[in-house]
Each structure stands twice: as C-alpha cells, then as structure tokens.
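Protein chains in written order, with my numbering: chain U, 24 to 363; chain E, 24 to 363.
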C-alpha cells in the first residue's frame, strides 16, 4: 500500500515522493535489474555492434487480462517480435506506463509481475522507463508503450526487397487465436474457455531459421493487427507480385473457426500475437518447415502459398477448398478495435 | 480528409486500409524520412558505436498547445534531453501515438508538424512508430510516447558517482517557466501571455560543455517533473552529501515568481523543459558558466550552489536572502498533474 491507499493517485505521476514510492515499491521489485535500478535519465548500454534495429508499440488491449496473456505480457512479446522478424536479436526494452487515477495497485502489480516474468523468461531486460498518471476518465485503466533495441544477426537481413517470384510462404501455426480470444471474452461468449491467445516471443524459433537458412529467409513479419490478410497485402503491394494462398493449407484451430464464423469474421483478418508470415526461397522451404515443426512455437506450421509473377497491381488470391479463387483485400480497419 | 470525415475514427487504429491512409496522408508527410518511410516492423540503424544510451517518456500534457510549445515539441525535446544529460548525442527517436476517437485531424496534423519541425531543427529522425486509437472517453485527445537512442560522446560519462564534495551546481537559466506557463494557461490567469515554456533541446549547449570541460562535468539532469527541488534531492539522496543552494543566485523570471507566489507554488518544485542542473568541478565552474552564458540556451545561467560534506542523510538546504537556512524537500507529487 502506498500512502494508505490501494489505488493509483494522480500524485503518483508527479515526479515527487509518491512517484518515488510507486517506482521503488511496485516497479523495481517486479521489473528491475542492475541497469533500471540506477533510475538514470537514460540507460547506458554496451552493445556488441552498432548495427541495430529499433522499434516501438503502444498497447491498449481491452480487457487487460485474457486467456493466454495480459497487456503486460503482450507489451513484451509484441515489441520483441517486431525486432525478431527484422532479423535482430532483442537486447533491451523500455517501458512507459500511462495509468488512470483509481487503478487498483493490485492490478498494476499483476501487470508488472507479468512484464517481469515474460522479460526474464526471454532473457531481455527493461532498462529504462517512465510513469505518468492521468485523471479518472482520461484513460482506460492503463496503456503501455514499449520500445525495443535489437542487434542484427550477421548475414541475415530479411526485407521486402529480397522477395522473388516462386518463393514459398510459411506461417508458424494456427491463425486468429489472439484476436478471437479477445473478442469472445469481450462479448462473453461461451466457447471463450477453449480459446487462448497465441501471445509469445518468437525469437527462439526465428533465430534457428536464420542460423540454418540465412539469406533464404527473404522476409518475415508478425501478423498482428489486420491479421495475415494485412501482411500478405503488404507483400503484394510492396513487391507488385501476386500472392497465392491455399485455403486447405491454412492452419486454423476449429474453435477459432467456429467463433469467427459465428461472429462474422474472416480468420485471415484477425490479429495474431505469436505468428509470423515468412517468405522463404523454394529450395529452403521444406527445411524451414522442418525447423518450425520441431520447435514448440511452430508445431502447427504450414506452407500456405507462394509468391507469383509481377502483375499490374499485386493481388492476394485465395484458392478455395473447391478450387475457386477469391481476392483477399487489406482489411478496412474496423474489425477489432483495441486488440493489442 | 480521410474517409469523408475530419476526425480520427476507431478504425484508423485497426491496422487496415484506414490505418494506412492515416500513416500515408498525415504521419509520413510531416515526420517521415528515408528510414521511417520504409514502414518496417522496426528501423534498421547503423550507429557509429555500440556504446549507447536509451530512454523513454510518455507525454500527457494538458492543454495540448501552450505558449512556447505543444505536446509534439515536448515529446521530441524531453526525450532528447534525457539522452543529452547522460552525455549522449541523440541520434534516433521512436514515436507512439494513442489517439482518442473524435480528435480533429487538423489538431493531429498540427502536432505532427510540430514534431517534424522540432526533429528537423535538431538533426534527429523519427525512425519508427506506432498509432493506436481508443474509444471516445478512453483517453484525453492524444498521448505521445517517444523513446530515444543516443551515442555516447567519448570521454564523458557523467554520473552521480562522479560527484565530489566542493563541486559547484550550475543551472542554465531561469527556473519554473514551463510549469507556470501550463498551470496559468489551465487556470486562465491573465499574466499568461507573459509566460512562456522553456521547452528546448539542450544538446547543442551540453555538447559544448562536454567538449570543453569533459570529465569536469560530473553530473547533469534536466529538472522536469518535481523541478529543481526533485533533482537536487536526488543528488543529496544518492551521494549522501548535503547540497547548499543560494536563494539570491537562483535565476527566476519575475512573472514566474509573481505567478508562483499568487498560486502558492515554490518555484523550485515547478517543472522545467529546457533546464539542466549540472554538477561541475570547482576548477571548471567559471569556464562552464562562461560557455553557458555565450550560448542562447544558457544566457541566464548561474552558479546556484555547491555540494557540501557527507552527512548522516543528504539534505538540500536553501540559504535565504536574509541569511536563514530552509530545508528543500522532495515535492510530494500533487503540485502539477499532467505538466509534461
């Protein structure tokens, strides 16, 4: 308890004694380490090289806790994954909290514990941070922004410009789990208990793919907001090549499919938090798939399609179960607010 | 205008077509550059060295626009200053936006323009970013989180552990300008027009001090939330040495003093956004002061006190105009919510 109160107060963000209390009693015990504990204006780091990747994401997911994760775990996984898919080993995270006055300190602590645990399990440190408070009604409980620094793995620089016609498209497991878990929980739908977010740090699997297949891994992206459809359309749009996906090959958890059908969503549009779309050379596709299937993060992996020829305008087409073709468009955006 | 609407919609944060529109029509034209325009999951950077500083801050200032700046300018200056006071040349920023549905796109654009201008004027690039939207009532217009990377200037590693008894304390100009500007504007007080935030990037001045005085600059901190009182107390608390400040020597704008007196604030507790407290060796203090006074960012600089002996518990004491002594405590925290 801070100041005889069990809720966050506006003064906890004022930069004075109460801010200090919040940091020392709640933040450092849960996410602290030698660097963060110095409480400097910035963290001093000695990286093995100046070739780095840098990324940031804000997390506003609702509800804060869901089957398979919470906003804290998401804030660590999501930002680490943005580094990993760029071919960088994640090395440090920042953590900025915007907290609504009145948030129970017990909830804040659960979230901080989750951040600390996820970071420790994945060998990454929160090295710098900030805490702001706003009045009740000026935020929705808590928003978290993490930024991450990763060091480039030598030799592997995946990028859209590496993609060639004929390349294979791999996904490391079932699609739509995160988004359908959140939306079902929000709507209080009964199959909720069978749904579980795929929220996970992908680096251990990606590192194996890069070590074994190097430059044959042309491009990777984690299929979060906008789902696989958004990622595939970005590939088609940036390369000007058609992308062909085979419906039969898409790994989808049956409960996720049922929930999506019932609620009127296309699973391809639904956010994932532990899935990447990888474009790999045709010669390396089977090896990449083998590496995925031998790893807990990729046991349901599949080759779901391939990159086609250059066309006037790159299109994503789905070959349906009965052999028809359907264009998969970039989702409009109103599918699932506050999914991450 | 996006989608026939002049306000931000929830779907602008959905990761689909509308997110794309917002990024391409508003964000890239104002803050874009070669790296950001690639819209990768993370930005790839080649730093001159792996010895870096890393920092983050969220900005929730209210009102969004104030005399001397706005939330966008603040988000660039504040994070760059956290790198600068650690002795690091700022090289890259991330930009994460949390936007309340219904925010006028015109306001968003003004803020983005300000971010872009401040970054360009200070030779720094926004290299990676994120945009989230939340429902009306779930945030207060816009919150901005920036993270920054800086490269350590060789030879200069200022830190609390370098501080010695007898060191001089310098501030680079008048105290309390930012905080009193915000609070006066919020309260609609008439001297508002004479008050102006000191919001500025301090690196150009700090670089000169480090180049000329190197290790004689023992420690620096920008005196933001909690004001000079918080920074001085952090020094006393971390070193266990007393800190003595001379009231006569404190540079304070007369309008700021009048506003603080009228509203019942101690100027020492009030946030600054363009002021550092530097602890320098006695032998270098005059030279540091000269460098400050010759620079636009330090023309009102002053030596305001010195570090005393080790004591049972480091205390900050003010020698008043009439020769009395008053202990300056760490502010409690409820002085000025949402000041930055």
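Just so you know, even glycine gets a beta-carbon here, dropped at the ideal spot from N, CA and C.
Residues of the stretch 76-92 of chain U with a Cβ closer than 7 Å to any Cβ of chain E, in chain order: 76, 77, 78, 79, 80, 81 and 83. Judged by DSSP secondary structure, residue 117 of chain U falls within the beta strand (DSSP E) whose first and last residues are 111-123. Taking the CA atoms as reference points, residue 47 of chain E sits about 20 Å from residue 244 of chain U. In this structure, the CA atom of residue 94 of chain E is about 36 Å from the CA atom of residue 207 of chain U.
DSSP, read as helix, strand or coil, puts residue 264 of chain U in strand.
Think of a sphere of 7 Å around the beta carbon of residue 248 of chain E: the chain U residues whose beta carbon falls inside it are 37 and 38, in chain order.
Within the stretch 42-96 of chain E, the complete beta strand (DSSP E) segments of 3 residues or longer fall at 66-69 and 74-82, listed in chain order. From the listed residues E:83, E:98 and E:64, the smallest Cα separation to residue 77 of chain U is found for E:64.
Rounded to the nearest whole angstrom, the C-alpha separation of residue 285 of chain E and residue 40 of chain U is 24 Å. Closer than 9 Å to the CB of residue 355 of chain U there is at least one CB belonging to chain E. In the structure shown, residue 170 of chain U falls within a strand segment according to DSSP collapsed to helix, strand and coil. One finds 64 in chain E with Cβ atoms closer than 8 Å to the Cβ of residue 245 of chain U, taken in chain order. With contact defined as three or more Cβ pairs closer than 8 Å, the stretch 192-199 of chain U and the stretch 283-299 of chain U are in contact. For residue 30 of chain U, the CB contacts under 7 Å within the same chain, skipping 5 residues up- and downstream, are 125, 126, 127 and 128 in chain order.
Taking the Cα of residue 179 of chain U as reference, the smallest distance to any Cα among U:106, U:133 and U:159 is reached at U:106. Contact annotation: the stretch 97-112 of chain E touches the stretch 168-184 of chain E, with at least three C-beta pairs closer than 8 Å. Listed along the chain, the chain U residues whose CB falls inside 8 Å of the CB of residue 194 of chain E amount to none; the nearest CB is some 16 Å away. Under a criterion of Cβ atoms nearer than 8 Å, the residues of chain E adjacent to residue 71 of chain U are, in order, 73. Interface criterion met: the Cβ of residue 121 of chain E is under 9 Å from a Cβ in chain U. Proximity of chain E to residue 155 of chain U at the Cβ level (cut-off 7 Å) is accounted for by 81 and 83, in chain order.
Taking the C-beta atoms as reference points, residue 149 of chain E is found no nearer than 9 Å to residue 67 of chain U. Annotated as proximal: residue 359 of chain E and residue 294 of chain E, with beta-carbon spacing under 9 Å. In the DSSP assignment, residue 134 of chain E falls within the unbroken alpha helix (DSSP H) covering 128-144.
When the five nearest sequence neighbours on each side are left out, the beta carbons in the same chain lying within less than 7 Å of the beta carbon of residue 323 of chain E are those of 196, 197 and 274, in order along the chain. Where residue 203 of chain U is concerned, the enclosing alpha helix (DSSP H) starts and stops at 200-210. Chain order gives no chain U residues near residue 178 of chain E, where near means a beta carbon separation below 7 Å; the closest approach is about 14 Å. Secondary structure note for residue 230 of chain E: its alpha helix (DSSP H) is the uninterrupted segment 226-236. A contact between stretches requires three or more CB pairs, one per stretch, nearer than 8 Å, and the stretch 307-324 of chain U meets this requirement with the stretch 220-229 of chain U. Minimum Cα-Cα distance from residue 277 of chain U among the listed residues U:117, U:217 and U:146 corresponds to U:217.
The Cβ atoms of residue 73 of chain U and residue 70 of chain E sit closer than 9 Å to each other.
Between residue 266 of chain U and chain E, the shortest Cβ-Cβ separation is not below 9 Å. Residues of the stretch 340-353 of chain U whose Cβ lies closer than 7 Å to any Cβ of chain E, in chain order: 353.
Beta-carbon to beta-carbon, residue 54 of chain E and residue 162 of chain E are separated by about 20 Å, too far to satisfy the 8 Å threshold.
The Cβ atoms of residue 329 of chain E and residue 267 of chain E lie closer than 9 Å to each other. Excluding sequence positions up to five before and after residue 332 of chain U, its CB lies within less than 7 Å of the CB of 188, 264 and 265, all in the same chain and listed in chain order.
In this structure, the alpha-carbon of residue 145 of chain U lies about 30 Å from that of residue 98 of chain E.
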